[in-house]
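Undergrad:
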Amino acid sequence: MEGLCHHYRFLIVTLVLLSGLRQSYSSTTTRQFEFNIEWKKVTRLCHTKPLLTVNGEYPGPTIAVHEGDHVEVKVTNRVAMNTTIHWHGIRQLRSAWADGPAYITQCPIRGGQSYTYNFTVIDQRGTLLWHAHYGWQRASLYGAFIIYPRMPYPFSVPIQSEVPIIFGEWWNGDVDAVENEMMLYGGGPNSSDAYTINGLPGPLYPCSKKDTFIQTVERGKTYLFRIINAALNDELFFAIANHTLTVVEADAVYTKPFTTRAIMVAPGQTTNVLVTANQVPDSSGMFVMAAKPYVTAIFPFDNSTTAGFLKYQSTRTVKIEAPTLPTNLAVHNLPEMKDTVYATTFSKMLRSLASPEYPCNVPKKIDKRIITTVSLNLQDCPANKTCKGFAGKRFFASMNNQSFVRPFKSVLESHYKNLTNVEFSSDFPEKPPTAFDYTGVDPLTGNMNTEFGTKLLVVPYGTNMEIVLQGTSFLNTENHPIHVHGHNFFVVGSGFGNFDVAKDPAKYNLVDPPERNTVPVATGGWAAIRLKADNPGVWFIHCHLEEHTSWGLAMVLVVKNGIGQSQSLLPPPKDLPLC
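Under my numbering, the sequence shown has 436 at position 378, and the numbering climbs by one with no breaks.
1) Relative to the C-alpha of SER341, which candidate in TYR370, THR317 and LEU332 has its C-alpha closest?
2) If you reduce the DSSP assignment to three classes, tell me which class PHE482 lands in.
3) When DSSP labels each residue in this structure, what does MET395 get in the three-state scheme?
4) Taking 8 Å as the limit between beta carbons, can you name the residues of its chain near TYR161, skipping five residues before and five after?
5) So, at 6 Å on beta carbons, what are the nonlocal neighbours of VAL311 in its own chain, with the 5 sequence-adjacent residues on each side left out?
6) Mind pulling the beta strand (DSSP E) runs of 3 or more residues that sit fully within the segment 584-612?
7) Are there three or more Cβ pairs, one per stretch, closer than 8 Å when the segment 162-181 is compared with the segment 122-134?
8) Leaving out five residues before and five after HIS606 in sequence, what residues of the same chain have Cβ atoms less than 6 Å from its Cβ?
9) Rounded to whole angstroms, what is the Cα-Cα separation between LYS258 and LYS561?
10) Output the residue ranges of the beta strand (DSSP E) runs that lie fully inside the segment 309-390 and measure 3 residues or longer, sorted by chain position.
11) Can you tell me the Cβ-Cβ gap for GLY244 and ARG452, rounded? I've got them flagged as a contact below 8 Å.
12) Quick check: LEU186 and HIS146, are their CB atoms within less than 7 Å of each other?
13) Helix, strand or coil, according to DSSP, for TRP188 in the structure here?
14) Tell me, to the nearest whole angstrom, how far the beta carbon of VAL432 is from that of HIS538; I am working on the premise that it is less than 8 Å.
15) Compare the Cα-Cα distances from PRO571 to each of PHE548, PRO264 and LYS350 and report the closest residue.
16) Which residue marks the beginning of the alpha helix (DSSP H) containing SER531, and which one marks its end?
17) In the DSSP assignment, what are the bridge partners of GLN164?
18) In this structure, what does DSSP give as the bridge partners for ASN94?
19) Give the secondary structure of SER84 by DSSP, where H, G and I count as helix, E and B as strand, and everything else as coil.
20) By how many angstroms is the C-alpha of MET457 removed from the C-alpha of THR512?
21) Buried or exposed, going by whether 16 or more other CB atoms sit within 10 Å of the CB of GLY278?
22) Mapping DSSP to helix, strand and coil, what is HIS473?
23) In the DSSP assignment, what are the bridge partners of LYS426?
24) Please work out which residues of its chain come closer than 6 Å, Cβ to Cβ, to SER624, disregarding the five sequence neighbours upstream and downstream, and give them in chain order.
Written as structure tokens, this is what we have:
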């Protein structure tokens, strides 16, 4: 029954939000929410364990607002561990204090304390997500963040209803213990035991037929699926048997619509698709929807598949229960797990809408180009230590051979107060320290020892930046979803092999490149992004595979104040947590 409760809870949320969309707002509205971080016993796969939740919900509650709204979320930490919440994809214009990553923009919220995140949603609309940004807490602390537009959708198809689809991962054991062992011994982490759709693993896992997401549809109607990947360490393919998906939005930015048999969505990415119920079902009345990993890693991974169902309404009443689930669970339009060709083709189909109402403001000229490697590393084991990585060494990760070390104080607070801090410096390298065949080097014999520190990249307000994210073949050529806080960016170019500064910029798309907040850097390749650094503050840039962030695949961008109040960071709130 718990699975059915999840189904009806999401249906109710969808209907309420849809009715809210039809309202007309002429002025900014303040919307207030309360998040209580608390333990709740949750059972999945015949395993019951205490799970970290918001308000006892798994996944957490949906935040639904309108474009232009002011948002206040009071987070009260009722557990005996630190926490923070990040509003993934919200630009946080001048409000970096509300961004959330621990020790970057704030000190954590301690047990028994509260902090209110205050921000305004400016010139954004669509599907985003929120999640914890402390350790691996986002394994269960996550939810949808939906921004309804003030103008009608730029597509004319009538929408019957809107359906949030949130992918996650489930561990039977303690996720904190997985992270702690990984960092203690330098080995790869234990993979999850299941993927989930709206917190439910589905019938392909043990004891899980009752924990299956079922979405009822009416034949001939079209539905907007708001798809969110909140998984910790895996990019995912998603498809619905016998149905096509029309992509209309990515990372809360409208796209030129295109039809596809399946999508690839990386952790932290969102994709809105239109689904028309135009098929003839069998006697079960159901079609399988499924998600499984897109795999480029050499580390152990969860190679399972989560499944739910699209159930066509019948004129007769049918009780939805486990025995009614169809026996054929194949989804033939779902790509194979190692189908890099499909993942690449899908990414290249994404284009900004670039209409008069929603222009594509990609910087045509740049003031600064940063070229940074995004790399895994194999570190020599310290003396008298036990290391469980390859060949008795330790796994780390880096950008330009700098493995990021989080300080024990807030970088933003130190920046705002002009405090001198020996923990970090403003000299992040703007190119790799040594030029080499980045994607052709031997994975195991190259010198892969990284340097450790907290080096910041500091730029003036308004800088037109290009950041080239160059993958390497150290250990393995792997896909890295890189997330930039505080800014959207345009993916102007990408390719396999090594970026060629003399040739590749001539091939850039400067007309309608996709606008995103998270970009997958292709396995054994590169991606070039452009952005205008017009948001003063301190902004985390990191791989959204949590294991890679833990290993140090991250950096910090500092945007200085511009001229006048409108180009300056707001003062810190009075309830800002202390370290």
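Virtual Cβ for every residue (Gly too), placed ideally from N, Cα, C.
TA: So, from the data block:
1) Taking the first residue of the sequence shown as position 1, residue 341 is located at position 283. When each option's Cα is compared against that of SER341, the closest is TYR370.
2) Start at 1 with the first residue of the sequence shown, and residue 482 comes out as number 424. Note: PHE482 maps to coil in three-state DSSP.
3) Residue numbering aside, residue 395 sits at position 337 when the sequence shown is read from its first letter. Three-state DSSP puts MET395 in coil, outside helix and strand.
4) Position 103 of the sequence shown holds residue 161. Hits under 8 Å: ARG464, PRO465, PHE466, LYS467, SER468, VAL469 and CYS637.
5) As a first step, residue 311 must be located in the sequence shown, where it is residue number 253. Hits under 6 Å: GLU573.
6) 595-601
7) yes
8) Reading the sequence shown from its first residue, position 548 is the one you call residue 606. Here the set comprises ALA455.
9) Position 200 of the sequence shown holds residue 258. Position 503 of the sequence shown holds residue 561. Note on identity: in this sequence residue 258 is Leu, with Lys being the wrong assignment. About 47 Å.
10) 311-318, 321-323, 328-334, 344-352 and 364-370
11) In the sequence shown, residue 244 corresponds to position 186, counting from 1. In the sequence shown, residue 452 corresponds to position 394, counting from 1. Between ARG452 and GLY244 the Cβ distance is about 3 Å, and since that is below 8 Å, they are a contact.
12) Residue mapping note: residue 186 aligns to position 128 of the sequence shown, counting from 1. Residue mapping note: residue 146 aligns to position 88 of the sequence shown, counting from 1. Yes, Cβ-Cβ distance for LEU186 and HIS146 is below 7 Å.
13) For the purposes of this step, residue 188 is taken as residue 130 along the sequence shown, with counting starting at 1. Correct three-state label for TRP188: strand.
14) Residue 432 sits at position 374 when you count from the first residue of the sequence shown. Residue 538 sits at position 480 when you count from the first residue of the sequence shown. That pair is a contact at about 5 Å.
15) In the sequence shown, the residue the question calls residue 571 occupies position 513. Residue PHE548 is the option with its Cα nearest to PRO571.
16) Along the sequence shown, read from residue 1 onward, the residue named residue 531 stands at position 473. SER531 -> no alpha helix (DSSP H), and no H or E assigned at all.
17) Indexing the sequence shown from 1 puts residue 164 at position 106. ALA160.
18) Translated into the one-based positions of the sequence shown, residue 94 becomes position 36. In the DSSP output, where bridge partners are listed per residue, ASN94 has THR134.
19) By one-based count along the sequence shown, residue 84 stands at place 26. A caution first: SER84 carries a pLDDT of 44, below 50, which makes its placement in the model unreliable, though a value can still be read off. If DSSP states are grouped into helix, strand and coil, SER84 belongs with coil.
20) On the sequence shown, position 454 is the one that residue 512 refers to. On the sequence shown, position 399 is the one that residue 457 refers to. Each residue's alpha carbon lies about 11 Å from the other.
21) Here the question's residue 278 lines up with position 220 in the sequence shown. When all chains shown are included, GLY278 counts as exposed.
22) Looking up residue 473 in the sequence shown gives position 415. Helix.
23) Indexing the sequence shown from 1 puts residue 426 at position 368. Answer is MET523, bridged to LYS426.
24) Taking the sequence shown and counting its residues from 1, one reaches residue 624 at position 566. Answer for SER624: no residue qualifies.
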